[in-house]
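Residue numbers (the working numbering), protein chains in the order written: chain X, 61 to 476; chain H, 581 to 878.
The beta-carbon is built from N, C-alpha and C at its ideal position, and this holds for glycine as well.
Owing to the predicted nature of the structure, the values given are computational and were not obtained by experimental measurement.
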Amino acid sequence: MLGASLATSLLPRIPARAADSLIRLAHEENGPGSVRLINETVAAFEQGHPGVKVSQLYLENAAYKAKLTTMLQSDDRPDILYSWGRGTLDAQVSAGVLRDVTATVQGWREDFTPVALDAFRIGDKLWGAPFTVSGVGFYCNKALLARAGVDPAHLASFDDLLAAVARFKAAGIVPIAVGGGEKWPLHFYWAMLALRLGGKPAFDDARAGRNGGFAAPVFVEAGRMLQQLGKSGAFQPGFAGAQAPDSYGQFGDGKAAMTLMGSWVMGVQKANAANGQGLSDDAVAYVRFPLVAGGHGTSTDTFGGVNGWAVTRNAPAASLELLHALTSPHYERTMCERNVYLPAVRGMSQYLTSPVLRQVATEIDASSYHLLFLDQTLGPSLGSVVNDVSFALATGDTTPEAGAKQIEDARQAEDM
Amino acid sequence: MTLAATRRKPSLRGDGLGTVLLFLPPALLVFTIFVVLPIGEASWFSLFDWNGYGSPQHFVALRNYVRLLAFVPFRTALLNNLLVIAISLCIQIPVAIGAASLLSGPGRLTVVMRLILFLPYILAEVAAGLIWRFVFDGNFGLVAVAARELGMNAPFMLADPDLARVALMVVVTWKYFGFHMMLVLAGLQGIDPELRQAARMDGATGAQIFRHVTLPLLRPTLRVSVFFAVIGSLQLFDIVMPLTAGGPGNATQTMATFLYNFGITRMKIGFGSAVGVVLFLISATFSIVYNRWVPGER
Chain X
61 MLGASLATSL
71 LPRIPARAAD
81 SLIRLAHEEN
91 GPGSVRLINE
101 TVAAFEQGHP
111 GVKVSQLYLE
121 NAAYKAKLTT
131 MLQSDDRPDI
141 LYSWGRGTLD
151 AQVSAGVLRD
161 VTATVQGWRE
171 DFTPVALDAF
181 RIGDKLWGAP
191 FTVSGVGFYC
201 NKALLARAGV
211 DPAHLASFDD
221 LLAAVARFKA
231 AGIVPIAVGG
241 GEKWPLHFYW
251 AMLALRLGGK
261 PAFDDARAGR
271 NGGFAAPVFV
281 EAGRMLQQLG
291 KSGAFQPGFA
301 GAQAPDSYGQ
311 FGDGKAAMTL
321 MGSWVMGVQK
331 ANAANGQGLS
341 DDAVAYVRFP
351 LVAGGHGTST
361 DTFGGVNGWA
371 VTRNAPAASL
381 ELLHALTSPH
391 YERTMCERNV
401 YLPAVRGMSQ
411 YLTSPVLRQV
421 ATEIDASSYH
431 LLFLDQTLGP
441 SLGSVVNDVS
451 FALATGDTTP
461 EAGAKQIEDA
471 RQAEDM
Chain H
581 MTLAATRRKP
591 SLRGDGLGTV
601 LLFLPPALLV
611 FTIFVVLPIG
621 EASWFSLFDW
631 NGYGSPQHFV
641 ALRNYVRLLA
651 FVPFRTALLN
661 NLLVIAISLC
671 IQIPVAIGAA
681 SLLSGPGRLT
691 VVMRLILFLP
701 YILAEVAAGL
711 IWRFVFDGNF
721 GLVAVAAREL
731 GMNAPFMLAD
741 PDLARVALMV
751 VVTWKYFGFH
761 MMLVLAGLQG
771 IDPELRQAAR
781 MDGATGAQIF
791 RHVTLPLLRP
801 TLRVSVFFAV
811 IGSLQLFDIV
821 MPLTAGGPGN
831 ATQTMATFLY
841 NFGITRMKIG
851 FGSAVGVVLF
861 LISATFSIVY
871 NRWVPGER
């Protein structure tokens, strides 16, 4: 190894010709729609840049996250990588493996919605560019709601939700499908309840360690409500062992009335349904997460994710052009026309043909505060503790107080 | 003595030394690079709070170890490993001895049975885990169908901490029992049949022959079998991940899945290294103690 690096450093430095350029693109996209779009974009890019080749490295989500740290520090690092923005991005930036793309993105940064771009901004610098945002809310099977006599328009408060759960159960319908075994789907409840209870200030305070941090009353109360929901039998039997795709399939099969999920569920509920068809777009109603009595959050506070691309330090110059191609208005428009994902670029929501997706996109466009997935934005370690606690609350394995304290202890340990 | 000494000397300088120089360095190098260095590095990393980026900076001395030993999921993982070892020793190996004794004779049926019982061992661990995940599924699985046929509510085995643990033990026993059966079969075939015949002529019953002739002669085989069972249990990872991924909660974590779930995926490389060091110490201690104090021959 030493010999090899010595030999390389002694070789005369020949500037790489553009014709020899290879861009390595690492990602975890496996949905048919997004894969097709990436492939088309890459093919068009290669055609427009003779001699530049793009190779894609696909890894499944968990494997991608686990391998990325090592990959980024090896000589074999990808040039462009799939990113969830703030959280892990911070660690990558402080390790110096990423390239500051502020100047590059300057030309088209006005295209992006602020919510999306913020996920890649640290201070006044940009470390990547977003291509999609997602929003979490309840996706409801209209037919099952009608059968149980639940009106989606009357799911405005947490009490309404509990009442609906009781109605579903009385009608012999599984109220909510959740991939609890993977834990992160349950953190949606905890996060949304806390967001409704405390709004943006609660999360700002918690992150800064003010007012008791994550052990503040708001988070204890969110835990209590999640526990109450779990106890009410809202989730399908065996939810503690179910994977996310199981829950997508259950919803797509019409075996559960609702699911609290990101906007991608519209695609995956079809792919995971037993008949491969799932529910058609007009069979599904989208409902915002209900408000809670006495909460300080507003119904326009949203929760979801942002995905995009970051560029590594020594990536070939053409990588920056590919970054643009993968986040351009043209890319986003095609993405919307095919209902693949919600756009990160302004004015593209109008091209979504799915009414449900357009509703979610509009909601995010008008968002007063978009809280990013906590297991991303809090970093992989503290974020995982949030997931652990959410799971334990839903299954009744911990108390709201102990759960909140566990998260706060982990936050303090991160600060040390 | 003199002759032997003069004979040895040139051989050490000549062919012997050549052999040493030719064959030792590659093995030593590979062992150093892939075993000694990683253990040394892991021990070093375990003293830091480190997310895996750059080089470790934040020295925390033994804090990772202190946290680890007080951490409930790690204790669960440790207990699960011990449980797997107990199941291996108390159920898997005795059943393997029984099956091997029944199937040691000639005949087409016994050969077919041996093959069937050995098949799970050949199957890849991940595939086995996924298949069993389907079997245990509370909606569509075999267990659910069987329960419904019997008029019971289908259990969601992988969603209940205790049942998930049972499920894991069932799969582990099913998967590795064939391997131990094959070891015992080989051991049985190495026993001179005349010894059993002699015992029978002396009036010993079948049980007595098994207890006083077969079992003592199987001792070297069983010693190997137990060693593999214990080390295999400590390494248990690739069946658990597709089956339960350590869940529900952390009910079926083993030390290896704990290391992956809490060290690698959470980017706590220092903490994960501490788990690795503890796992290494347990394995090394066991190996040394076992090889030193559990004799193979009588």
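Of the residues the options, the one placed nearest residue i, counting alpha carbons only
i	options	result
residue 676 of chain H	H/701, H/662, H/864	H/701
residue 620 of chain H	H/870, H/854, H/875, H/863	H/854
residue 429 of chain X	X/161, X/255, X/421, X/314	X/255
residue 315 of chain X	X/238, X/99, X/185, X/432	X/238
residue 186 of chain X	X/380, X/206, X/228	X/380
residue 303 of chain X	H/758, H/739, H/731	H/739
residue 477 of chain X	X/105, X/116, X/409, X/250	Since the first and last residues shown for chain X are 61 and 476, residue 477 of chain X lies out of range.
residue 713 of chain H	X/319, X/229, X/301	X/301
residue 859 of chain H	H/839, H/844, H/870, H/869	H/839
residue 666 of chain H	H/870, H/806, H/868	H/806
residue 439 of chain X	X/160, X/371, X/195, X/144	X/144
residue 119 of chain X	X/471, X/109, X/88, X/111	X/88
residue 451 of chain X	X/343, X/384, X/382, X/251	X/251
Residue i versus residue j - alpha carbon distance
i	j	result
residue 163 of chain X	residue 263 of chain X	31 angstroms
residue 69 of chain X	residue 135 of chain X	Model confidence at residue 69 of chain X stands at a pLDDT of 41, short of 50, so the residue's coordinates are unreliable and nothing is read from them.
residue 422 of chain X	residue 399 of chain X	14 angstroms
residue 821 of chain H	residue 453 of chain X	23 angstroms
residue 23 of chain X	residue 359 of chain X	Outside the shown range of chain X (61 to 476) lies residue 23 of chain X, about which nothing can therefore be said.
residue 865 of chain H	residue 873 of chain H	12 angstroms
residue 458 of chain X	residue 222 of chain X	21 angstroms
residue 775 of chain H	residue 793 of chain H	7 angstroms
residue 374 of chain X	residue 198 of chain X	43 angstroms
residue 791 of chain H	residue 728 of chain H	44 angstroms
residue 348 of chain X	residue 425 of chain X	14 angstroms
residue 98 of chain X	residue 386 of chain X	7 angstroms
residue 169 of chain X	residue 446 of chain X	32 angstroms
residue 140 of chain X	residue 133 of chain X	14 angstroms
residue 825 of chain H	residue 737 of chain H	14 angstroms
Outcome for residue i when other beta-carbon atoms lying within 10 angstroms are tallied against a minimum of 16
i	result
residue 692 of chain H	exposed
residue 935 of chain H	The structure shown does not extend to residue 935 of chain H, since chain H is modelled only from 581 to 878, so the question has no answer here.
residue 783 of chain H	exposed
residue 724 of chain H	buried
residue 65 of chain X	Since pLDDT at residue 65 of chain X reaches only 43, below the 50 mark, its modelled position is unreliable, and the value read off the structure follows with that caveat. Exposed, since its Cβ has fewer than 16 Cβ neighbours within 10 Å.
residue 583 of chain H	The predicted position of residue 583 of chain H is uncertain, since its pLDDT is 45 and thus under 50; no value can be drawn from it.
residue 298 of chain X	buried
residue 287 of chain X	buried
residue 468 of chain X	buried
DSSP-derived helix/strand/coil call for residue i
i	result
residue 744 of chain H	helix
residue 627 of chain H	coil
residue 722 of chain H	helix
residue 425 of chain X	helix
residue 781 of chain H	helix
residue 369 of chain X	strand
residue 341 of chain X	helix
residue 149 of chain X	helix
residue 292 of chain X	coil
residue 814 of chain H	helix
residue 390 of chain X	helix
residue 310 of chain X	helix
residue 362 of chain X	strand
residue 185 of chain X	strand
residue 119 of chain X	coil
residue 335 of chain X	coil
residue 635 of chain H	coil
residue 62 of chain X	Interpretation of residue 62 of chain X is limited by its pLDDT of 40, a score under 50 that renders its predicted location unreliable; no figure is taken from the coordinates.
residue 701 of chain H	helix
residue 614 of chain H	helix
Margin query: Would the stretch 162-182 of chain X count as touching the stretch 334-350 of chain X if we require 3 or more Cβ pairs under 8 angstroms?
Written below: Counting C-beta pairs with one atom in each stretch, the stretch 162-182 of chain X and the stretch 334-350 of chain X have fewer than three that are closer than 8 angstroms, which means they do not touch.
Notebook entry, point to check: Between the stretch 400-410 of chain X and the stretch 215-229 of chain X, do three or more beta carbon pairs fall short of 8 angstroms?
Noted result: Touching, no, given that fewer than three Cβ pairs across the two stretches are closer than 8 angstroms.
Note to self: If contact is defined by three or more beta carbon pairs under 8 angstroms, each pair taking one atom from either stretch, is the stretch 764-784 of chain H in contact with the stretch 796-806 of chain H?
What the structure shows: yes
Margin query: Contact between the stretch 264-274 of chain X and the stretch 288-300 of chain X is defined here as three or more beta-carbon pairs at a separation below 8 angstroms; is this criterion met?
Written below: no
Item checked: Inter-stretch contact (C-beta, 8 angstroms, three-pair minimum) for the stretch 364-374 of chain X and the stretch 429-439 of chain X -> yes
Margin query: Quick test of the definition: if touching needs 3 or more C-beta pairs under 8 angstroms, does the stretch 299-315 of chain X touch the stretch 746-756 of chain H?
Written below: Cβ pair count under 8 angstroms is below three, so no.
Notebook entry, point to check: Taking three-plus beta-carbon pairs below 8 angstroms as touching, is the stretch 828-840 of chain H in contact with the stretch 647-660 of chain H?
Noted result: yes
Notebook entry, point to check: Touching or not, the stretch 844-864 of chain H and the stretch 628-646 of chain H, by the rule of three or more beta carbon pairs under 8 angstroms?
Noted result: yes
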